[in-house]
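A.B. asks:
Protein chains: 2
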Amino acid sequence: MARWAPGASDRLQRAAMELFAEHGYEATTVAGIAERAGVTERTFFRYFADKREVLFPGEEQLEAVFVDAIAGAPADASLTGLLIAALDAGGGALQDLRGREFARTRNAIIAANAQLQERELLKLAKLSRAVTAALVARGVADVPARLAGDLVVSVFGTAFARWIAPGETRDLVELQRDGLAVLSDLARADSG
Amino acid sequence: MARWAPGASDRLQRAAMELFAEHGYEATTVAGIAERAGVTERTFFRYFADKREVLFPGEEQLEAVFVDAIAGAPADASLTGLLIAALDAGGGALQDLRGREFARTRNAIIAANAQLQERELLKLAKLSRAVTAALVARGVADVPARLAGDLVVSVFGTAFARWIAPGETRDLVELQRDGLAVLSDLARADSG
Numbered sequence: 001m002a003r004w005a006p007g008a009s010d011r012l013q014r015a016a017m018e019l020f021a022e023h024g025y026e027a028t029t030v031a032g033i034a035e036r037a038g039v040t041e042r043t044f045f046r047y048f049a050d051k052r053e054v055l056f057p058g059e060e061q062l063e064a065v066f067v068d069a070i071a072g073a074p075a076d077a078s079l080t081g082l083l084i085a086a087l088d089a090g091g092g093a094l095q096d097l098r099g100r101e102f103a104r105t106r107n108a109i110i111a112a113n114a115q116l117q118e119r120e121l122l123k124l125a126k127l128s129r130a131v132t133a134a135l136v137a138r139g140v141a142d143v144p145a146r147l148a149g150d151l152v153v154s155v156f157g158t159a160f161a162r163w164i165a166p167g168e169t170r171d172l173v174e175l176q177r178d179g180l181a182v183l184s185d186l187a188r189a190d191s192g
Numbered sequence: 001m002a003r004w005a006p007g008a009s010d011r012l013q014r015a016a017m018e019l020f021a022e023h024g025y026e027a028t029t030v031a032g033i034a035e036r037a038g039v040t041e042r043t044f045f046r047y048f049a050d051k052r053e054v055l056f057p058g059e060e061q062l063e064a065v066f067v068d069a070i071a072g073a074p075a076d077a078s079l080t081g082l083l084i085a086a087l088d089a090g091g092g093a094l095q096d097l098r099g100r101e102f103a104r105t106r107n108a109i110i111a112a113n114a115q116l117q118e119r120e121l122l123k124l125a126k127l128s129r130a131v132t133a134a135l136v137a138r139g140v141a142d143v144p145a146r147l148a149g150d151l152v153v154s155v156f157g158t159a160f161a162r163w164i165a166p167g168e169t170r171d172l173v174e175l176q177r178d179g180l181a182v183l184s185d186l187a188r189a190d191s192g
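Sequence order for the protein chains is H and E. According to the working numbering, the residues represented by the first sequence are 1 to 192, in order. According to the working numbering, the residues represented by the second sequence are 1 to 192, in order.
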C-alpha cells in the first residue's frame, strides 16, 4: 500500500463498512478490517477501541456541536431558540460530515444487531444528558431542561429515520424543523 | 421455610433486592437469591431468565397498560387526550404495583451498573415504540406518533426521576401532568 490514501481512520472505517456489509458484523474481525485498509492491527487500535467503535465515529464531536450551539446562542435566546440552534447545528454537522449513504449503510448494520442497538441507545441517552446540562448552564430549570434534552434527541432521531428512508431527498435540518413544528402543533392542540 | 409466605416470585424479588443492596449486584448469585427466598434455583428460573431480569419485573404488563389506555380511549379523543390517558394509566399502575421505596432501591442498583442502564434504556425504547404503534393503530400519522411515543417516555422518565428523589411526596401521575404542562408551555413559547 505505497500509494497515497486518505487518513488511516477514514480508510479503516470504509474497510469495516465494506466487510460488515459483505460478511456481516459478527463475522468481521479487526485483523480483516486492518488488512482491507492496508494498515496493521496496531494502527487500528490507535483509532478505535474495538470493531464496534468503528460504527460510532465522532460521537463526542457531534455532542459538542449540539452543546456549543446552545452555549454560543445569543444571550436573549428563548428556550425554543436554544433547541433550534442545537438541532440546526447538530443535524447540519452530521449530514455534512458523513452523508446520507454512510448513514443508511451504518443503520442497516446496527438494526441487525441487538448489542449495537443498545450502544446506539446509550449514545442518544448521553446526547440528551449533554443537551440538558448545556441548557441548565444557560439558566434553564432542571425539569424543562431534562424534557428539552429528550425532545432534541427525539426530533433528531425521528428526522434521522426519515432522512435515511428510501427516496427521501429533504435534508436533515429541514426534517428536524418539520418535527419541531409537529410537536408544536401537538402542544397547541392541548391548550385548545 | 415452612411458614406461610407470599408468592415465590415476590419473595425472590425481595431477596434479590436485599442481596443486591448488601453485597452489590455483581457479587450476588442466583443460588444466593434462591437460598434467601427459601426456594430452589429451579424455582428461580421458573420466574426469571437470570438475575438481571429480577430488576425488570412486569415490563410487558406495564407496556400493556400504556397501550391499552390508548386503544380504549374514547373514539373522539385528541392526540393529547391519548397521551394523557396513557401516562395516567401507566404512571398510576407503576406506583400502585411497586411503590416508591422499591423504585428507589431498584434505581440505585441500576445507576451503579452500566449493563443494567443499557437494559433500562432498551426497556424505555421498547415502550416508546409500543406507544407509537398504539397511536398509529388509532389513526395518528407516523411522524407525530413517533414523536409522541418518545414524548410519553420522556415525561414518564422525568416524572419518575422526580418521584424517587429524596423528600418528594407528590405522586407519579401528578408529576407526569406537571411535565406535560411544562412541555406545553415550551411549545407555546415557540409560537409566540
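Even for Gly, the Cβ is constructed at its ideal location relative to N, Cα and C.
(1) Would you tell me roughly how many angstroms separate the C-alpha atoms of glycine 196/H and alanine 161/H, rounded to the nearest one?
(2) What residues in the region 170–189 of chain E bring their beta carbon closer than 7 Å to a beta carbon of chain H?
(3) Thinking just about the alpha-carbon of each residue, which of Ser154/H, Ala34/H, Glu59/H, Thr105/H is nearest to the one in aspartate 87/H?
(4) Short check: CB of glutamine 117/E to CB of leucine 122/H, under 9 Å?
(5) In the DSSP assignment, find the alpha helix (DSSP H) that holds proline 144/H and state where it starts and stops.
(6) Since I believe arginine 138/E is in contact with glycine 82/E (beta carbons under 8 Å), could you give me their beta-carbon distance rounded to a whole number of angstroms?
(7) Which residues, taken in chain order from the region 89–111 of chain E, show a beta carbon closer than 8 Å to some beta carbon of chain H?
(8) Report yes or no: do three or more beta-carbon pairs, one from the region 172–183 of chain H and one from the region 5–14 of chain E, lie closer than 8 Å?
(9) Ignoring anything shorter than 4 residues, give me the alpha helix (DSSP H) runs that lie fully in the region 48–114 of chain E, in order along the chain.
(10) Have a look at Glu60/E, Glu59/E, Thr132/E, Val30/E and flag the residue whose alpha-carbon is nearest the alpha-carbon of arginine 46/E.
(11) Assess, as a yes-or-no matter, whether the region 97–109 of chain E is touched by the region 143–158 of chain E under the definition of 3 or more beta carbon pairs within less than 8 Å.
(12) Looking at the unbroken alpha helix (DSSP H) that takes in arginine 138/H, where does it start and where does it end?
(13) Going by DSSP in three states, threonine 132/E sits in which element: helix, strand or coil?
(14) Report buried or exposed for leucine 172/H, applying the criterion of at least 16 other Cβ atoms within 10 angstroms of its Cβ.
(15) So is glutamate 60/E in contact with chain H if we call contact Cβ pairs under 9 Å?
(16) Tell me, to the nearest whole angstrom, how far the beta carbon of alanine 16/H is from that of isoleucine 33/H; I am working on the premise that it is less than 8 Å.
(17) Counting C-beta neighbours from all protein chains within 10 Å, is the total for glycine 192/H 16 or more, i.e. buried, or is it exposed?
(18) Residues in its own chain within less than 7 Å of phenylalanine 56/H by CB, not counting five upstream and five downstream?
(19) Name the residue from Ile84/H, Ala145/H, Tyr25/H whose alpha carbon lies nearest to the alpha carbon of alanine 114/H.
(20) Between arginine 36/E and glutamate 53/E, is the Cβ-Cβ spacing less than 9 Å?
(21) Which chain E residues are close to proline 144/H, counting only those with a beta carbon under 7 Å from its beta carbon?
(22) Spell out whether any CB of chain E is found under 9 Å from the CB atom of alanine 85/H.
(23) Throw me the rounded Cβ distance for the alanine 148/H and valine 67/H pair, which I believe falls under 8 Å.
(24) If you scan the region 165–189 of chain E from start to end, which runs of the alpha helix (DSSP H) of 4 or more residues do you find wholly inside it?
(25) Under three-state DSSP, which class holds valine 30/H?
(26) Between the Cα of glycine 167/E and those of Asp142/E, Arg104/E, Ala141/E, spot the shortest distance and give me the residue it belongs to.
(27) By a C-beta neighbour count over all protein chains shown, 10 Å radius and 16 as the cutoff for buried, is aspartate 50/H buried or exposed?
(28) Taking Cβ positions only, does glycine 139/E come closer than 9 Å to chain H?
(29) Once the 5 residues before and after phenylalanine 48/E are set aside, which same chain residues still bring their CB inside 6 Å of it?
(30) Roughly how many whole angstroms lie between the Cα atoms of glutamate 60/H and glycine 91/H?
(31) Helix, strand or coil: which one does DSSP assign to threonine 193/H?
(32) State the Cα-Cα distance for the pair valine 143/H and histidine 23/H, rounded to the nearest angstrom.
(33) Does the beta-carbon of leucine 237/H have 16 or more other beta-carbons within 10 angstroms, so that it is buried, or is it exposed?
(34) Using 9 Å as the limit for Cβ to Cβ distance, is aspartate 10/H near chain E?
(35) Sort Val65/E, Leu151/E, Val140/E by Cα distance to aspartate 76/E and report the nearest one.
C.D. replies: The structure says:
(1) What is shown of chain H runs 1 to 192, which leaves residue 196/H out entirely.
(2) Under the 7 Å Cβ criterion, the region 170–189 of chain E contributes Gly179, Val182, Leu183, Ser184, Leu186, Ala187, Arg188, Ala189.
(3) Note on residue identity: the sequence assigns leucine, not aspartate, to residue 87/H. The option with the nearest alpha carbon to leucine 87/H is Ser154/H.
(4) Against a cut-off of 9 Å, the Cβ pair of leucine 122/H and glutamine 117/E comes out as a contact.
(5) Residues 142–163.
(6) With the sequence shown as reference, residue 82/E is identified as leucine, and glycine is not the correct amino acid for it. Rounded to whole angstroms, the Cβ separation of leucine 82/E and arginine 138/E is 6 Å, and the two are in contact under 8 Å.
(7) Here the close residues number zero.
(8) No: fewer than three Cβ pairs fall under 8 Å.
(9) Complete alpha helix (DSSP H) runs here, min 4: 59–71, 79–97, 100–111.
(10) Nearest to arginine 46/E by alpha-carbon distance, out of Glu60/E, Glu59/E, Thr132/E, Val30/E, is Val30/E.
(11) The region 143–158 of chain E and the region 97–109 of chain E do not touch, with fewer than 3 CB-CB distances between them shorter than 8 Å.
(12) Counting along the chain, no alpha helix (DSSP H) covers arginine 138/H, and no H or E run does either.
(13) Three-state DSSP puts threonine 132/E in a helix.
(14) Around the beta carbon of leucine 172/H, a 10 Å sphere encloses 16 or more other beta carbons of the protein chains shown; the residue is thus reported as buried.
(15) For glutamate 60/E, no Cβ of chain H is located within less than 9 Å of the residue's own Cβ.
(16) So it is a contact: roughly 5 Å between Cβ atoms.
(17) Legend: pLDDT at glycine 192/H = 41, less than 50; position of this residue unreliable, value from coordinates given subsequently. Residue burial is scored here from C-beta neighbours: glycine 192/H has fewer than 16 other C-beta atoms within 10 angstroms and is therefore classed as exposed.
(18) The beta carbon of phenylalanine 56/H is closer than 7 Å to those of Arg119, Lys123 in its chain, skipping five residues each way along the sequence.
(19) Of the candidates Ile84/H, Ala145/H, Tyr25/H, the one whose C-alpha sits nearest the C-alpha of alanine 114/H is Tyr25/H.
(20) One thing to note: arginine 36/E has its Cβ no nearer than 9 Å to the Cβ of glutamate 53/E.
(21) Val182, Leu186, listed in chain order.
(22) Interface annotation, alanine 85/H: not in contact with chain E, CB-CB separation never under 9 Å.
(23) Contact flag wrong, Cβ pair sits at about 13 Å.
(24) Counting only runs of 4 or more, we get nothing.
(25) Helix at valine 30/H.
(26) Of the listed residues, the one whose Cα sits closest to glycine 167/E is Arg104/E.
(27) With fewer than 16 neighbouring CB atoms inside 10 Å of its own CB, aspartate 50/H falls in the exposed class.
(28) Not closer than 9 Å to any Cβ of chain H, the Cβ of glycine 139/E fails to qualify, so no.
(29) Val54.
(30) A direct Cα-to-Cα measurement between glutamate 60/H and glycine 91/H gives close to 14 Å.
(31) As displayed, chain H neither begins before 1 nor continues past 192, which places residue 193/H out of reach and without an answer.
(32) Looking at the two C-alpha atoms, the distance is approximately 46 Å.
(33) The question about residue 237/H has no answer, for chain H in this structure spans 1 to 192.
(34) False, the Cβ-Cβ gap to chain E never drops below 9 Å.
(35) Considering only alpha carbons, the answer is Val140/E.
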